[in-house]
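Undergrad: This is the structure, below, for whatever I ask next.
Numbering (the working numbering), first residue to last: 1 to 793.
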C-alpha cells in the first residue's frame, strides 16, 4: 500500500501546474452540480436554540453534510420541550409542522433527542409519509421502541463508562479505589447498575465504591476526605436527598472543587468545570455520526440495511486540570483532544501564514522539485521495490497467517499460509470484507475487534471456529489484530496474525471430557476431592465434595465452614487429627457429619506437602460418603448379636432338654414306686400322708420338667382344653428365673377368658420366648407385664 501511495505522489510531482488547473476547473463544475443535487433535510431538535448539547449536534450534522454537499442548508425546527414539557405542546408542534410543510418534500428527516423521535414515531406517517428518519441523542434506547417502523435508524446516546474507567487506570496505574458519584433518582440507580456490571470485570485491579444517599453537603464532605490513591468517576448527580436539583454545570463545579483527587466524567457538558476529562460523548461528534448514516441513505443505501449504532466517545481533557494534578500528556492516548491549550504564534496568525506558505510552497515545489523529480523517482522506485520484495518474502515465509486490512476493513494482504490454512486463494478475498467472504461463527465479534484496532487499540486475541463450504475444511483459529501505522504514526489499516489452534482446541475438548468422566466417577463412588494452598489460604473442592457436605456448589470455603458440618460430638476429634497432620501425623480418619438434622459418615484422607523448613505448604485429599457402609456394618453387628443370642439359647435349650429328659426318667421311677407303695399300705397308715406328699412333689417336678422340654422344643404335641390364667400362673416361677432378678414380672389375669385347645408346651414355649425377647429389649432394669384377655371377632 505504501508503494502505491508513493507512486501517486511521484506522478503528481510531474505535473503540479496541470493538476492545479484541473482542480480549479473541476471545482467550478462540481460547485454547479452540487447546487442542483443538494438534498432537502429537516432537522427536528427537541430542545431550544442556545442549548449547548443540541447546538453542537446540529453543528456536527452541518459539518458532515458540507463535506459532501458544500451548499447544504437544512431546515431546522426547535421544539423547546425542555422548557415546555406539557403533552399538549407536542400536539401543537405536530399541527405547526403539518401546516408549515404541507407542500414541502424532504429527502430525509433528522430528529435530535427523545422528544423529537417520539413525535415522529407517533405522527411521522401523517406528517411526512415514507420519508426516511435518522435519530440522534436518544437516551435509554431499546430495539422495541422502533417496533412497527421500517424507515427509522440512528445513533443511541450511550456514555462510555468502561472506557473512562480504563482511561483513569491507565493515567494513574497506582489508584486502588474509584469513587463513583451518583444520585438516588431512577436514572441514578440505572447508571449505578450499569457501572456495577462493568466494575465486576476489573474487581481484581481496582475497588469501586459508590456514594451513599445524602445531601450535596454530605457528598462534599465525603469528597474532601478521599485518600490520594483514589479517583472520582462522575456518573450523574442532579438531585440530592433533600430534593435539591442542580444543573450539570453546578454539580460538576461543586464536586471538582471539593475533590482533592482527579474527577473523570463521560459527557462534554461537564468539561471546563473542573473535571480532568474522560471518554467524552461530544455533541458535534454525535451529530457527525448520525449525519454519516443519513448520507449513506442519500447515497442510495437501503435504510433497512443500516443498523442503529451506539454513540462513539473520544478521549478529551482539560489542560488546566491536567497541570493541577501534575498529569503528563505522555500518559494520555495519542488521539486525545486537549482544551485550554494556549494559542501558539502559528495559530494566532494562521490566516496570514497559510496563504503565504501555500504560495511559497507551490513556487518552491515547481522550481526545486521538478528538477529533482526524475532522480527521486528512480531512488524511490528502487527503495520501494527492495522494501516490497523484503516484506513479501517475510510475509510469504511466515509460519502463521498474515492478513492486512485497509481503512475500510477490506483485505489487502492474504499470505500463502492463510491460503493453505483456509483453502481459499488470495485472489478470491483481496478487496472484499470478511463478512462477504467467510461465514464465521463469530463474524460480528471479529468486526468489532477490527474496529477497535482502527481506533488505536490492541485487542485481546479471539478464538473461533471456521467452516469453509467450498473447500470442506474446518477448524479453530486464533486471531490477533493490531493497528497498522505508517512512518508518521498514523493508522492506515489493521494487521492481523492468525494461528491454527485446532489441535489445541481438540486437546481442551478432550480435557473437558476427562473432567466430565472424573466428575461422574466421583458421583458414582461418592468421593469428592479437594486441594489446599496453605500459603494463599485457598481451598478448592470438587462438586461432589460440596454435595457430600450439603453446601451449595461454589460456596466460599473456610476451615470454620468445614468444621461446622462435622457432628458436634466429633468436632474435637477431627480438629485434633487435622492439626496433628501438620506435625507429620497421617490424616486418615472416619467421622460423622450433621447436615440438616441428618447424620452422615465420611472417610477423609489427606496427603500434605512440606517445604525445606518442614512447614506445610500444600495439601490434597478426598472425602468419601461411607454412610451406607456404616449402616451395613451396624446391621451386620446387630444380626451377629441376634445370631449369638440364638445360639446361646439353642445351647441352653439342648442342655435343658437333656437334663429334663433324664430327670423325667427318674421322676417316672419315683412316681411309679410311690404309687405302688401307696397301694401296698393301708389307707389309714401314717405313711400314707408322707407318700401323698412325695407323689405330689414328684407330679410338680414332672410339670417343671415338661416346661423345660417345651422350652427346649422337644415335647410331643398333645392338644387339650386349657385355662390360660391357670396355665400361665403355673409358669411364673420358671419365667422369673428365666428373666433374672433385676427385671420385675407382673401378672394381670383376665376375667372371663375363653378356654383354648392347644398343647400346654406351646403356651410355655411362647411365653418363654416373649419374656427372653422383652428382657433383651429393656436391657438391665425394667418391668415385663403379662396380661390375658378375650379377643373380639
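C-beta: ideal position from N, C-alpha, C; glycine also. Only a predicted model underlies this, so the values are computations on that prediction, with no experimental measurement involved.
Using the three-state DSSP reduction, which class does residue 799 fall into: helix, strand or coil?
TA: Residue 799 lies beyond the residue range present for the chain, which begins at 1 and ends at 793; the question has no answer from this structure.
Undergrad: Expressed to the nearest angstrom, what Euclidean distance is found between the alpha-carbon atoms of residue 654 and residue 751?
TA: Approximately 37 Å, taken between the alpha carbons.
Undergrad: To the nearest angstrom, how far is it from the Cα of residue 179 to the Cα of residue 209?
TA: When rounded, the distance between both Cα atoms is 5 Å.
Undergrad: Answer with buried or exposed for residue 22, where buried requires no fewer than 16 other C-beta atoms within 10 angstroms of its C-beta.
TA: Its pLDDT being 48, under 50, residue 22 is placed unreliably by the model, and nothing is read from it.
Undergrad: Mapping the DSSP letters down to three states, classify residue 157 as helix, strand or coil.
TA: In this structure, residue 157 counts as coil in the three-state DSSP scheme.
Undergrad: Any idea what DSSP makes of residue 623, helix, strand or coil?
TA: If DSSP states are grouped into helix, strand and coil, residue 623 belongs with the strands.
Undergrad: If you draw a straight line from the C-alpha of residue 560 to the C-alpha of residue 567, how long is it?
TA: Approximately 13 Å, taken between the alpha carbons.
Undergrad: State the start and end residues of the unbroken alpha helix (DSSP H) segment that holds residue 53.
TA: Per DSSP, residue 53 belongs to the alpha helix (DSSP H) from 52-68.
Undergrad: Let's test the definition: count the other Cβ atoms within 10 Å of the Cβ of residue 842 and tell me whether it reaches 16, buried, or not, exposed.
TA: In the structure displayed, the chain extends from 1 to 793; residue 842 sits before or after that span and is not available.
Undergrad: To the nearest angstrom, how far is it from the Cα of residue 663 to the Cα of residue 705?
TA: Answer to the nearest angstrom: the Cα atoms are 7 Å apart.
Undergrad: Hey, residue 810 and residue 44 are a contact pair by Cβ (cut 8 Å); roughly how many whole angstroms apart?
TA: Residue coverage of the chain in this structure runs from 1 to 793, which leaves residue 810 outside it and unanswerable.
Undergrad: Keeping to the same chain, check which residues put their C-beta closer than 7 Å to that of residue 398; ignore five residues upstream and five downstream.
TA: Hits under 7 Å: 415 and 417.
Undergrad: Just the C-alpha distance for residue 688 and residue 669, rounded to the nearest angstrom, thanks.
TA: Approximately 18 Å, taken between the alpha carbons.
Undergrad: Quick check on DSSP: helix, strand or coil for residue 24?
TA: With a pLDDT of only 46 at residue 24, under the threshold of 50, the placement of this residue in the model should not be trusted; the figure read from the coordinates follows. In this structure, residue 24 counts as helix in the three-state DSSP scheme.
Undergrad: So who's on the other strand from residue 603, going by DSSP bridges?
TA: Looking at the DSSP assignment, residue 603 forms a beta bridge with 590 and 624.
Undergrad: Do you know whose CA, among 228, 154, 298 and 462, lies nearest residue 310's CA?
TA: Selected option, being the one with the closest Cα: 154.
Undergrad: For residue 299, does the count of other Cβ atoms within 10 angstroms reach 16, so buried, or fall short, so exposed?
TA: That one is exposed.
Undergrad: Under 8 Å, with one C-beta from each stretch per pair, do the segment 228-235 and the segment 251-259 reach the 3-pair mark?
TA: Taking 8 Å as the limit for Cβ pairs, the verdict is that the segment 251-259 does touch the segment 228-235.
Undergrad: From the DSSP output, in three-state form, read off residue 784 for me.
TA: DSSP places residue 784 in strand when its eight states are reduced to three.
Undergrad: Would you kindly work out how many angstroms separate the C-alpha atoms of residue 373 and residue 358, rounded to a whole number?
TA: Taking the straight line from one Cα to the other gives about 20 Å.
Undergrad: Let me check understanding here. Comparing Cα to Cα, which of 132, 527, 390 and 244 lies closest to residue 218?
TA: That would be 244, whose Cα lies nearest to the Cα of residue 218.
Undergrad: So, for residue 72: in the same chain, excluding its five sequence neighbours on each side, which residues have a beta-carbon less than 6 Å away from its beta-carbon?
TA: Cβ neighbours of residue 72 beyond the five flanking positions: 38, 65 and 66.
Undergrad: Please classify residue 240 as buried or exposed, where buried requires at least 16 neighbouring CB atoms within 10 angstroms.
TA: Classification of residue 240: buried, given that the 10 Å Cβ count is 16 or more.
Undergrad: Could you tell me the distance, in whole angstroms, from the CA atom of residue 547 to the CA atom of residue 553?
TA: Roughly 8 Å separates the two Cα atoms.
Undergrad: Measuring alpha carbon to alpha carbon, tell me which residue in 746, 531 and 582 is nearest residue 558.
TA: The shortest Cα separation from residue 558 among 746, 531 and 582 belongs to 531.
Undergrad: Are the Cβ atoms of residue 722 and residue 756 separated by less than 7 Å?
TA: The answer is yes: Cβ separation under 7 Å.
Undergrad: For a test of the three-state rule: what should DSSP assign to residue 778, helix, strand or coil?
TA: Correct three-state label for residue 778: coil.
Undergrad: Would you say the beta carbon of residue 68 comes nearer than 6 Å to a heavy atom of the ligand HEM?
TA: With respect to the ligand HEM, the structure offers nothing, as it holds no ligand at all.
Undergrad: Mind reading off the beta-carbon distance from residue 747 to residue 729? Whole number of angstroms is fine, and I expect it under 8 Å.
TA: Confirmed, Cβ separation roughly 7 Å.
Undergrad: Using the C-alpha atoms, what's the distance from residue 148 back to residue 105?
TA: Answer to the nearest angstrom: the Cα atoms are 23 Å apart.
Undergrad: So is residue 313 buried or exposed if we call it buried at 16+ other beta carbons inside 10 Å?
TA: Counting Cβ neighbours within 10 Å, residue 313 comes out buried, since at least 16 surround it.
Undergrad: Looking at the structure shown, is residue 140 part of a helix, part of a strand, or coil, going by DSSP?
TA: Of the three classes helix, strand and coil, the one that applies to residue 140 here is coil, per DSSP.
Undergrad: Can you list the alpha helix (DSSP H) stretches of 4 or more residues lying completely in the segment 256-343, in chain order?
TA: Entirely contained in the segment 256-343, the alpha helix (DSSP H) runs reaching 4 residues are, in chain order, 283-298 and 319-324.
Undergrad: Tell me, please, whether the segment 443-459 touches the segment 481-497 by the rule of three or more beta-carbon pairs shorter than 8 Å.
TA: Yes, the segment 443-459 touches the segment 481-497.
Undergrad: How long is the line joining the alpha carbons of residue 221 and residue 486, rounded to whole angstroms?
TA: Rounded to whole angstroms, residue 221 to residue 486 spans 50 Å at the Cα level.
Undergrad: Excluding the five sequence neighbours on either side, which residues of its own chain have a C-beta within less than 6 Å of the C-beta of residue 75, listed in chain order?
TA: So the qualifying residues of the chain are 42.
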